[in-house]
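Residue numbers (the working numbering): 126 to 373. We put the CB at the ideal spot given by N, CA and C, even for glycine. Since we're looking at a predicted model, the values are computed, not measured. Since the structure comes first, as structure tokens, the remarks are kept for the end.
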Amino acid sequence: MTRVAVAGFLHEACLHAPSRFCSLRRPMLLLLLAPLLALLPPSAAAAPASPSPVPDSTQSYYARKDAAALRRLLRNADTRAERLLCRYRLYPLTEDERYLNDLPETLDPDASARELALLSGLWGYRAAHASVFGAMQAGRRSMQLLEKAREKDADDPFVLLIGGQSLLFRPALAGGSDETALARFRRLRRVLGSRPDADAVAASEAALWTWYALRETDRPDAANALRRKLAERDLPPLYREFLKHPPG
126 MTRVAVAGFL
136 HEACLHAPSR
146 FCSLRRPMLL
156 LLLAPLLALL
166 PPSAAAAPAS
176 PSPVPDSTQS
186 YYARKDAAAL
196 RRLLRNADTR
206 AERLLCRYRL
216 YPLTEDERYL
226 NDLPETLDPD
236 ASARELALLS
246 GLWGYRAAHA
256 SVFGAMQAGR
266 RSMQLLEKAR
276 EKDADDPFVL
286 LIGGQSLLFR
296 PALAGGSDET
306 ALARFRRLRR
316 VLGSRPDADA
326 VAASEAALWT
336 WYALRETDRP
346 DAANALRRKL
356 AERDLPPLYR
366 EFLKHPPG
């Protein structure tokens with residue numbers, strides 16, 4: 126498996142920048158995008174609403190590393206949320222900088238927490254390819270968007286996922302905390318079983334990040350137990366690679 130190093134702006138921008146779902150080493154920046162999002166309509170009173178096809182499809186295609194299928198979804202996307210989601214999934218698979226072009230600096234006041242978090246992630250990608258000054262600007266935008274997302278809905282699964290990753294890969298002086306990251310991932314796993322948008326992040330993805338945070342916080346017994354459970358699952362390629370070659 127090829128290990129992709131993400132150009133850093135950790136000390137400058139205080140935010141991780143994502144790369145492929147594979148092995149990365151500290152203090153490199155990391156924002157894995159498995160973010161595995163869903164944008165479901167509210168359930169109708171008479172009958173449960175059907176899930177939107179875009180989140181489920183993007184999650185499946187990304188985990189299988191099917192960039193061609195994700196491109197088709199992007200071409201057919203009807204909403205801003207769907208377009209952001211597809212671009213966010215496509216970039217770590219392809220490293221095609223076209224998906225980082227023309228990013229808005231912010232979104233309108235009606236934007237959802239998830240849209241803000243997705244845009245935050247895309248700005249994080251942009252920071253990885255910028256000069257030091259450009260990385261600082263992009264990193265600040267990314268952090269500001271993430272904070273706005275948390276203000277809107279701190280328990281949105283994608284906000285929890287990105288927030289935990291950011292805490293893991295920021296230095297302590299910039300607010301990073303492995304312990305707080307672990308708490309976010311544990312919260313994410315609980316949230317996935319209680320919210321109507323529970324398919325926003327795959328349960329396996331949340332478990333993988335919890336396992337990683339357990340390792341980083343020196344909890345080997347709990348980490349090994351969770352790893353054994355994950356290894357018994359029929360994980361898609363990206364998740365198997367992460368389990369075999371975690372960051373570190």
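| Query | Result |
| --- | --- |
| Expressed to the nearest angstrom, what Euclidean distance is found between the alpha-carbon atoms of E330 and A274? | 20 Å |
| G249 by DSSP, collapsed to three states: which one? | helix |
| Since W336 contacts A348 with CB under 8 Å, what's their CB separation in whole angstroms? | 6 Å |
| Check each candidate in L270, R353, R200 and name the one with the smallest Cα separation from P234. | L270 |
| Give the single residue among Y224, E276, Y364, K369 whose Cα lies nearest to the Cα of Q184. | Y364 |
| Please report the straight-line C-alpha distance between K190 and G300, rounded to a whole angstrom. | 33 Å |
| Are Y187 and L218 close, meaning C-beta to C-beta below 8 Å? | yes |
| For D280, which of R352, R314, A338, F367 has the nearest alpha-carbon? | R314 |
| What separation, rounded to the nearest whole angstrom, lies between the Cα atoms of A308 and T342? | 11 Å |
| How about the region 238 to 246 and the region 255 to 270: do they share at least three Cβ pairs that are nearer than 8 Å? | yes |
| May I have a chain-ordered list of the beta strand (DSSP E) segments no shorter than 3 residues that lie completely inside the region 194 to 236? | none |
| Helix or strand or just coil, what does DSSP make of G301? | coil |
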